[in-house]
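Peer 1: Each residue of the sequence shown is one higher than the one before, counting from 1194 in the working numbering. We put the CB at the ideal spot given by N, CA and C, even for glycine. Keep in mind that this is a model prediction, so the values were computed, not measured.
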Amino acid sequence: MRSHSAATGSDAPPSSAAASSLSPHQWSDVVQYLTADELKELRLAGSKEMHLADPCLTSHLQLRMDKAPFFSAANNSTLSQAKKWLTNRRRLVVNHAVPKMCPYRVAYLVANGLLDSVSQIVIFDCHAHRRVFALLAQLPNLESLRLASHASDQEEGAMDELEFIVASVGRVHSLKHLDIEFDCVIPGSRLSFLRGLQGLQHLRLRGFDLSDGIRSMGGLRDLKTLHLCHGNFYSSPSNDVNEKDLINLLSLTNVNQVHLEGFDCLSETGLKPFSTTPASVKRLVLKHCQDLNDDCLPSIGRMENLTSLHFVHSAYDEVPIFDIESLHHINALVALKSLSLFYVLEDPTDLRALWGLTSLETLNIALEDELDEEDVDYLRQNILPMFGSLRKLRIFSEESMCCTCRHGKLEIEYAPFTFGDLVYLE
C-alpha cells in the first residue's frame, strides 16, 4: 500500500491545520534551523494560531541590544517580557554609534542572571559603548567576542575609550574566540591583557602596533587560528615588527591557520614557530609583507601539512621576485591544494619550478605585466597540465573585469585586485 508521504511527495508542506496544532515548544525544534529571513517569511505566511511571534522561537538568532526596548532608558517592558526574549539567548549585537542602552538596566539584567546564556557578543563602534561593554564583560559564559571601531586617531577621546575596552577584555577568562578590528592604531603594549585568556582558540587582531606586545601571546597554547595585522589599512606604524618577537610563539603548537599582514622583512627566523616539527599549520597567508627574505621559502617548505599557501601583495608593495631555486622548496608541500602568488613571479613560465605540487586544485596569480589572451593560452596548454589536479586558475590584476571561462575541467577566472582588497583564495 502506498504511504501518504509517498503519494504527496516528501517535500510537501504541512497543512495549515497541522501547522497550527504545533505548540511553541514544538515550533522551537523546527525554527532553530531557520535563518532570520526564513523565520520572517514563515511568520508572514502563517496564522496567529501558529504562535510564531513567541520570543522563545528566536533564541537561536542574534538580538540587537540597541533596538530591544528593555535595554534602553525609555523602557516600558516588564521583567517577564524581558525574560521571554532573553531566555536561552546566545548572541547579542550592538550596531549603532549612538549609545541607546541604559547601563543601569544592563547592570540589572547582568546581576540577575538574565544574560547568563549569552555566549557571543558583537559590538560595532565599540568606542561609544565602553560602560555597557564593561558590564557585559562580567557574563559567565561569554566565549566569542568581536569588537570593531571606525574611530580615527584624531577623534577626541576615542583612543582612551578603546584602551579601556581592551583592558576589560582581559577579564573575560571564558573567551575562546576574539576578533578586534580598529581603524586607529593601539600601542602593542596594551596586549598584555592576552595573558589572562589561556583558553583562547581563535585570535584576530587588526589595529595594533605589533612592534611591541607579541610576547603576550606566547602563553596561548590552545590557539588554533592566529590572524595578526601590524596596524591596519589606514595606518602603518612607524616601527616594523621585530620578527625575533615571533620566537615567543614557539609554544603555540596547536595553531593550524596563520595570517600575517604588514610584517615586513620577514625571514626564516620569524616563521620558525610555525615550521618547527611537528608543524601543525595547514593554512598560511602572508599579506602585504614587503621585502620578504628569500630564506622564508625553505622554512615554509618544512610546513609539511600545508594545504593552503598565499602570498598576497599589491602592485604598490615592495616585493622581491622569487628565484627558481627558492621556488623549488615549495615542491615539498605535496598536500598543497590552493596557492596564491601575487607579484612574486617574474614570468608565468616560472611556474614550471613547482612541478611537485601534484595535489594543487586552485592557483591564484598576479603579475606586474598583465597577461593577454595569447599568454593565457600558452599557460593553459604548456604549463598548467603539469598540475594534474588543477581545477581553477584565478588571474588578478588592477585593470581586470570580473569574468569566467572554462576549458575542459579547468575554470579560468579574471578578477580585479588593489591594495587592501579582500579576496577569496580557496
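For His1522, collect the residues of the same chain with a Cβ closer than 8 Å to its Cβ; drop the 5 residues on either side in sequence, then sort them by chain order.
Peer 2: Leu1490, Pro1491, Ile1493 and Gly1494
Peer 1: Quick one: what's got a C-beta closer than 8 Å to Pro1430's C-beta in the same chain, skipping five residues either side?
Peer 2: Val1378, Asp1402, Leu1403, Ser1404, His1423 and Gly1424
Peer 1: Based on Cα-Cα distance, which residue from Val1434, Leu1485, Phe1504 and Met1496 lies nearest to Pro1513?
Peer 2: Nearest Cα to Pro1513 within the set Val1434, Leu1485, Phe1504 and Met1496: Leu1485.
Peer 1: Give me the Cα-Cα distance between Gly1363 and Glu1356, rounded to the nearest whole angstrom.
Peer 2: 12 Å
Peer 1: May I ask which residues mark the beginning and end of the alpha helix (DSSP H) holding Lys1465?
Peer 2: Looking at the DSSP string, the run of the alpha helix (DSSP H) that includes Lys1465 is Glu1461 to Ser1468.
Peer 1: Taking the alpha carbon of Gly1581 as the point to measure from, which residue in Leu1520, Leu1529 and Asp1565 has its own alpha carbon closest?
Peer 2: Leu1529
Peer 1: Okay, do the segment 1465–1483 and the segment 1495–1505 touch, 3+ Cβ pairs below 8 Å being the bar?
Peer 2: yes
Peer 1: At which residue ranges does the segment 1349–1393 contain complete beta strand (DSSP E) runs of 3 or more residues, listed in the order of the chain?
Peer 2: With a minimum length of 3 residues, the continuous beta strand (DSSP E) runs that stay inside the segment 1349–1393 are 1370–1380.
Peer 1: For Val1359, collect the residues of the same chain with a Cβ closer than 7 Å to its Cβ; drop the 5 residues on either side in sequence, then sort them by chain order.
Peer 2: Ile1379, Arg1383 and Phe1386
Peer 1: Quick check on DSSP: helix, strand or coil for Asp1204?
Peer 2: No answer about Asp1204 holds up, because its pLDDT of 46 lies below 50 and its placement is not dependable.
Peer 1: Specify whether the segment 1409–1422 and the segment 1436–1450 touch according to this definition: at least 3 beta carbon pairs, one from each stretch, less than 8 Å apart.
Peer 2: Flag = yes, the segment 1409–1422 and the segment 1436–1450 touch.
Peer 1: If you drop the 5 nearest sequence neighbours on each side, which residues of the same chain put their C-beta closer than 7 Å to that of Ala1290?
Peer 2: Here the set comprises Asp1318 and Ala1321.
Peer 1: Can you tell me which of the three DSSP states Ser1240 falls into?
Peer 2: The pLDDT assigned to Ser1240 is 49, lower than 50, so where the model puts this residue is not dependable; a value taken from the coordinates is nonetheless given after this. Residue state, collapsed to three classes: coil.
Peer 1: Grab me the residues of Gly1389's own chain with a C-beta within less than 8 Å of its C-beta, minus the 5 sequence neighbours each way, in chain order.
Peer 2: Gly1363, Arg1364 and His1366
Peer 1: On a Cα-Cα basis, can you pick out the residue from Tyr1536, Ser1252 and Leu1564 that is closest to Ser1593?
Peer 2: Leu1564
Peer 1: According to DSSP, simplified to helix, strand and coil, what is Asp1402?
Peer 2: Shown here, Asp1402 sits in a strand according to DSSP, grouped into three states.
Peer 1: Three-state secondary structure (DSSP) at Asn1441?
Peer 2: helix
Peer 1: Using the C-alpha atoms, what's the distance from Gly1601 back to Gly1411?
Peer 2: 48 Å
Peer 1: Provide the residue(s) that pair with His1522 in DSSP beta bridges, ordered along the chain.
Peer 2: The beta-bridge partner set that DSSP reports for His1522 is empty.
Peer 1: Go ahead and label Asn1625 buried or exposed: buried means 16 or more other beta carbons lie within 10 angstroms of its beta carbon, across all protein chains shown.
Peer 2: As shown, the chain starts at 1194 and ends at 1619. That puts residue 1625 outside it, with no answer to give.
Peer 1: Does DSSP classify Ala1608 as helix, strand or coil?
Peer 2: strand
Peer 1: Beta-carbon separation of Thr1555 and Ser1590 under 8 Å?
Peer 2: No, these two residues do not count as a Cβ contact at 8 Å.
Peer 1: Would you give the residue range spanned by the alpha helix (DSSP H) that Asn1305 belongs to?
Peer 2: Element bounds for Asn1305: n/a, residue is neither H nor E.
Peer 1: Is the separation between the beta-carbon of Ile1576 and that of Thr1542 shorter than 8 Å?
Peer 2: yes
Peer 1: Would you grab the beta carbon distance between Phe1467 and Val1478 for me? Rounded to a whole angstrom, and I think it's under 8 Å.
Peer 2: Between Phe1467 and Val1478 the beta-carbon gap is near 12 Å, outside 8 Å, which marks them as no contact.
Peer 1: From the DSSP secondary-structure annotation, give me the bridge partner or partners of Ser1531.
Peer 2: Ser1501 and Thr1555
Peer 1: Just curious, the beta strand (DSSP E) that Glu1454 is in, first and last residue?
Peer 2: Gln1450 to Glu1454
Peer 1: So for Thr1251, helix, strand or coil by DSSP?
Peer 2: helix
Peer 1: Give the DSSP-derived three-state secondary structure of Thr1542 in the structure shown.
Peer 2: helix
Peer 1: Looking only at its chain, what residues have a beta carbon closer than 6 Å to the beta carbon of Asn1557, apart from the 5 residues adjacent to it on each side?
Peer 2: Taking C-beta separations shorter than 6 Å and ignoring five residues to either side along the sequence, the partners of Asn1557 in its chain run Ser1533, Arg1587 and Leu1618, following chain order.
Peer 1: Check each candidate in Ser1428, Ile1440, His1395 and Phe1426 and name the one with the smallest Cα separation from Gly1406.
Peer 2: Cα-wise, what sits closest to Gly1406 is Ile1440.
Peer 1: Along the beta strand (DSSP E) that carries Ala1341, what are the first and last residues, could you check?
Peer 2: Ser1337 to Ser1342
Peer 1: Buried or exposed: which applies to Ala1304, given that a residue is buried once 16 or more other Cβ atoms fall within 10 Å of its Cβ?
Peer 2: It counts as exposed.
Peer 1: Could you tell me the distance, in whole angstroms, from the CA atom of Ala1608 to the CA atom of Cys1596?
Peer 2: Spanning the two alpha carbons is a distance of roughly 7 Å.
Peer 1: State the DSSP-derived secondary structure class of Leu1313, mapped to helix, strand or coil.
Peer 2: Sequence inspection shows Gln at residue 1313; the Leu mentioned does not correspond to that position. Note: Gln1313 maps to strand in three-state DSSP.
Peer 1: Got a sec: is the Cβ-Cβ distance from Ile1373 to anything in chain B below 8 Å?
Peer 2: Note that chain B does not occur in the displayed structure, where there is just one protein chain.
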